[in-house]
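Going by the working numbering, the sequence shown opens with residue 3, and the numbers climb by one from there.
All remarks here apply to the structure that follows.
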Amino acid sequence: MSKFSVSVVIPNLNGEKLLEKNLPFLLKAKDNPKNNIIEIIIVDDGSWDGSVKLITKNFPQVKLIKHKVNRGFSAGVNTGTRMAKGDLVLLINTDVIPSINFLEPVFKHFEDKRVFAVSLHEKGYGWARGSFGEGYIQLGMGEETKTSHRSFYVSGGSGVFRRSIWMELGGMDEKLLSPFYWEDIDICYRAEKRGYINLWEPEGKVEHHHESTISKFPKSYVQRVKERNQLLVIWKNIHSPKLIRNHIVGILKRAITHPGYFRIIFMALSRFGIAMNHRKKEIKLSKVSDEAVFMQYK
3 MSKFSVSVVI PNLNGEKLLE KNLPFLLKAK DNPKNNIIEI IIVDDGSWDG
53 SVKLITKNFP QVKLIKHKVN RGFSAGVNTG TRMAKGDLVL LINTDVIPSI
103 NFLEPVFKHF EDKRVFAVSL HEKGYGWARG SFGEGYIQLG MGEETKTSHR
153 SFYVSGGSGV FRRSIWMELG GMDEKLLSPF YWEDIDICYR AEKRGYINLW
203 EPEGKVEHHH ESTISKFPKS YVQRVKERNQ LLVIWKNIHS PKLIRNHIVG
253 ILKRAITHPG YFRIIFMALS RFGIAMNHRK KEIKLSKVSD EAVFMQYK
């Protein structure tokens with residue numbers, strides 16, 4: 003059995019049907035002592051379906067924390083992680099099904115104290131690439147290799163995080179990035195800039211059915227929030243003068259070629275003050291340059 007204990011944190015918003023279908027697979031994996039799961043915490047983020055009733059009635063072994071109002075993905079995850087007792091926190095979405103021994107291959111990585119987080123292997127998806135091009139953080143995917151690999155970020159829907167570093171980083175940035183998107187990229191990038199490491203483990207197998215709550219929101223709204231948060235993460239975390247100059251040129255190009263992009267810029271500007279306050283803190287605590295981080299993923 004691993005010396006690392008694991009708390010599972012599941013954020014939930016109206017996931018009654020997904021919980022009913024998928025939670026039994028996680029409970030089965032919890033029964034495997036090699037996964038060393040000591041607790042499962044579900045943070046209900048103000049659901050108005052039958053989620054709370056289902057959990058209370060059918061899954062009494064799960065710890066349920068309730069937000070009275072909907073506060074967004076990162077707030078739910080932060081609440082659960084604060085309450086967690088494990089050395090490691092597994093963040094898993096309601097639409098993800100773990101294999102029976104999915105955590106067993108992950109523990110060896112945390113022997114290295116520099117490792118902040120390890121992404122599990124969602125079938126069809128490899129490690130995460132990250133680059134800076136055309137003035138923006140560009141995301142991509144590496145191959146599904148047979149060995150572990152550095153990863154630009156670790157998924158907030160199927161990733162294992164070292165709780166002590168999570169708390170040191172202040173958790174996900176709910177004030178800046180709520181209700182959803184780019185929170186996991188933001189926290190992992192901040193970790194890398196402080197000298198920590200993020201990995202992807204091919205043997206930590208899970209199935210992701212992509213039926214999450216976000217799919218219930220209008221696609222146009224989700225896309226706008228995603229693009230707004232991309233800007234906010236750049237403004238907060240990119241400190242290289244050269245990359246910032248590239249970003250200014252990139253914004254101008256997008257705005258000229260896609261006039262609708264002005265709406266995204268104004269959405270982001272409404273949180274500009276928060277981004278700048280958080281930026282000051284990150285500049286003070288960063289030890290690694292932006293260029294050095296991106297070099298890892300060429």
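Using N, Cα and C, we set each Cβ at its ideal position, and we do this for glycine too.
**Asked** Measuring CA to CA, which of Pro13, Met85, Trp129 is closest to Gly144?
**Response** As a first step, residue 144 must be located in the sequence shown, where it is residue number 142. Nearest C-alpha to Gly144: Trp129.
**Asked** For Ser166, does the three-state DSSP call read helix, strand or coil?
**Response** The residue labelled residue 166 in the question sits at position 164 within the sequence shown. Helix, per DSSP.
**Asked** Going by Cα to Cα distance, which pick from Glu205, Pro181, Ile246 is closest to Val71?
**Response** The count along the sequence shown starts at 1 and reaches residue 71 at position 69. Nearest option by C-alpha distance: Pro181.
**Message:** Beta-carbon within less than 6 Å of Val120's beta-carbon, same chain only, minus the 5 sequence neighbours each way: which residues are those?
**Reply:** Translated into positions along the sequence shown, residue 120 becomes position 118. Counting only Cβ-Cβ distances below 6 Å, and skipping sequence neighbours, we find Val108, His111, Val162, Leu201, Glu203.
**Prompt:** Ends of the beta strand (DSSP E) at Ala119?
**Reply:** Stepping through the sequence shown from its first residue, residue 119 is reached at position 117. First-last of the beta strand (DSSP E) with Ala119: 117–124.
**Request:** Check whether the Cβ atoms of Ile12 and Tyr138 lie closer than 8 Å to each other.
**Result:** Taking the sequence shown and counting its residues from 1, one reaches residue 12 at position 10. Taking the sequence shown and counting its residues from 1, one reaches residue 138 at position 136. No, these two residues do not count as a Cβ contact at 8 Å.
**Prompt:** What are the start and end residues of the alpha helix (DSSP H) that includes Asp292?
**Reply:** For the purposes of this step, residue 292 is taken as residue 290 along the sequence shown, with counting starting at 1. Taken as a continuous stretch (DSSP letters only), the alpha helix (DSSP H) holding Asp292 covers 292–297.
**Request:** Give the secondary structure of Ala130 by DSSP, where H, G and I count as helix, E and B as strand, and everything else as coil.
**Result:** Here residue 130 is taken as the residue at index 128 of the sequence shown, counted from 1. The answer is strand: DSSP assigns Ala130 an E or B state.
**Message:** Please identify the residue among Thr83, Gly172, Ile187, Asn103 whose C-alpha is closest to the C-alpha of Leu29.
**Reply:** Indexing the sequence shown from 1 puts residue 29 at position 27. If we check each option's Cα against that of Leu29, Asn103 comes out closest.
**Asked** Are the beta-carbon atoms of Asp51 and His69 separated by less than 8 Å?
**Response** Along the sequence shown, one-based indexing puts residue 51 at 49. Along the sequence shown, one-based indexing puts residue 69 at 67. Contact flag unset, no.
**Message:** Is the beta carbon of Ser53 closer than 8 Å to that of Leu303?
**Reply:** Any answer about residue 303 is impossible in this case: the structure gives the chain only from 3 up to 300.
**Three-state secondary structure assigned by DSSP to Val235** = For the purposes of this step, residue 235 is identified with residue 233 of the sequence shown, where counting begins at 1. If DSSP states are grouped into helix, strand and coil, Val235 belongs with the helices.
**Message:** Going by DSSP, what residue range makes up the beta strand (DSSP E) through His210?
**Reply:** Walking along the sequence shown from the start, residue 210 turns up at place 208. Unbroken beta strand (DSSP E) run through His210: 199–210.
**Item:** Cutoff 8 Å; reference Glu124; Cβ partners in own chain excluding five residues on either side
**Value:** Locating residue 124 in the sequence shown gives position 122, counting from the first residue. Once the five neighbours on either side are set aside, the close Cβ partners of Glu124 are Val98, Ser157, Ser160, Val208, Glu209, His210.
**Classification of Ala277 by the beta-carbon crowding that lies within 10 angstroms, buried from 16 upward** = Locating residue 277 in the sequence shown gives position 275, counting from the first residue. Flag for Ala277 reads buried.
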